[in-house]
Structures are given as C-alpha cells and as structure tokens.
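Numbering (my numbering), first residue to last: 139 to 239.
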C-alpha cells in the first residue's frame, strides 16, 4: 500500500472512531472534500468546533502512532496554527500528514 493510501486509511479509521461519540448531524463523512470546521467569511460549514477539532486530531495522532511508530508527532499546535491551509478539509489534512511522515 502506498504511503498516501496508508495515511488516508488511518484518517478514515480515526473518522470512524470519532463518529461513534458524535450526534448523527455532527459526524464526519469519509470524503476528502469534507469541510472540517467553519471559518469566518466562508460559506462552507464544517462540522467541528474547536473542542471537537482537538479531539479529532488526537484520535488521528493515536492511529498514526500505531501505524508509523509510537514516536509519531502530528505537531497539533503547528497544525492548528496553520488551519486555514492544512485543515480546510480531509484532503488538505492528509497532505499535511504526508509531509511530516
């Protein structure tokens, strides 16, 4: 399996786990164009607020640690600070992860 497919698979597994604890209308779709959060000035509406975004990122990091080693660091603070580019949707998140793997 290619690295990008591994990452995508890990993110989709994390989405499955995340969705278990969410109300039906707050669940994420396993779709690369899924918008993660709402941004001021944009018409796209995401399903995550700041708290659920952190929970989702921690879930992803746990799965990445299992897949790529226990020392894997998602660099959550850096990721959140660059949210306009790296957290637009599932696709940009996957691209970010691929850069740091």
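We put the beta carbon where it would ideally sit given N, CA and C, even for glycine. Note that this is a predicted model, so its numbers are computed, not measured.
Whole angstroms are fine: how far does the CA of residue j sit from the CA of residue i?
i, j, result
"residue 196", "residue 140", "23 Å"
"residue 174", "residue 235", "15 Å"
"residue 201", "residue 152", "7 Å"
"residue 148", "residue 222", "22 Å"
"residue 191", "residue 184", "10 Å"
"residue 208", "residue 146", "19 Å"
"residue 170", "residue 224", "13 Å"
"residue 229", "residue 199", "16 Å"
Going by C-alpha distance, which of the options is nearest residue i?
i, options, result
"residue 161", "186, 209 and 144", "186"
"residue 212", "233, 188 and 154", "233"
"residue 216", "231, 203 and 227", "231"
"residue 157", "199, 228, 194 and 220", "194"
"residue 210", "238, 172 and 228", "238"
"residue 226", "164, 203 and 172", "172"
Following the continuous alpha helix (DSSP H) through residue i, name the residue where it begins and the one where it ends.
i, result
"residue 186", "Premise fails: residue 186 is in no alpha helix (DSSP H) and is neither H nor E."
"residue 229", "228-238"
"residue 146", "141-158"
Less than 6 Å between C-beta atoms, sequence neighbours within five positions excluded: which residues of the same chain meet that for residue i?
i, result
"residue 168", "150 and 153"
Decide if residue i is buried, meaning its Cβ has at least 16 other Cβ atoms within 10 Å, or exposed.
i, result
"residue 189", "exposed"
"residue 219", "exposed"
So, for residue i: in the same chain, excluding its five sequence neighbours on each side, which residues have a beta-carbon less than 7 Å away from its beta-carbon?
i, result
"residue 155", "197"
"residue 205", "144 and 148"
Residues in the same chain with beta-carbon distance under 8 Å from residue i, minus the five sequence neighbours each way, listed in chain order, please.
i, result
"residue 142", "232 and 236"
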